[in-house]
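Notes follow once the structure below has been shown.
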Amino acid sequence: MTLILAQEEKQAIKQIDQLMETYCKGCLLKTHYRETKGKHQAHQYCISECSIGIRIKQLGNKLQ
Numbered sequence: 001m002t003l004i005l006a007q008e009e010k011q012a013i014k015q016i017d018q019l020m021e022t023y024c025k026g027c028l029l030k031t032h033y034r035e036t037k038g039k040h041q042a043h044q045y046c047i048s049e050c051s052i053g054i055r056i057k058q059l060g061n062k063l064q
């Protein structure tokens, strides 16, 4: 099955990838939350409190 993505969707995916590579990879807060509170709490922090995570979530919503 081949998916055909609109240009806007391709841009959103590219932006998400860039944000994650630049800011999320090696994030000390995410690592700290994973070690002290677990994966779920780390994820909750990222999508509800981190400005980069919130932006990634907004871009992801464009893909639905």
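Residues 1 to 64 (the UniProt record's numbering) are what the sequence shown spells out, left to right.
Every residue, glycine too, gets a C-beta built ideally from N, C-alpha and C.
All values reported here derive from a predicted model rather than from experimental measurement.
By the DSSP assignment, the alpha helix (DSSP H) with residue i in it spans what residues?
| i | result |
| --- | --- |
| Tyr33 | Leu28 to Lys37 |
| residue 75 | Missing from the structure shown is residue 75; the chain here goes from 1 to 64 and no further. |
| Leu59 | Ser51 to Lys62 |
Check each candidate in the options and name the one with the smallest Cα separation from residue i.
| i | options | result |
| --- | --- | --- |
| Met54 | Leu3, Lys10 and Leu19 | Reading off the sequence shown, one finds Ile at residue 54, where the question assumed Met. Nearest option by C-alpha distance: Leu19. |
| Leu29 | Glu8, Ile4 and Gln44 | Gln44 |
| Thr22 | Leu3, Gln64, Ile52 and Leu63 | Ile52 |
Relative to the ligand ADP, is the shortest distance from any of its heavy atoms to the C-beta of residue i smaller than 7 Å?
| i | result |
| --- | --- |
| Gln44 | This structure lacks the ligand ADP, and indeed carries no ligand of any kind. |
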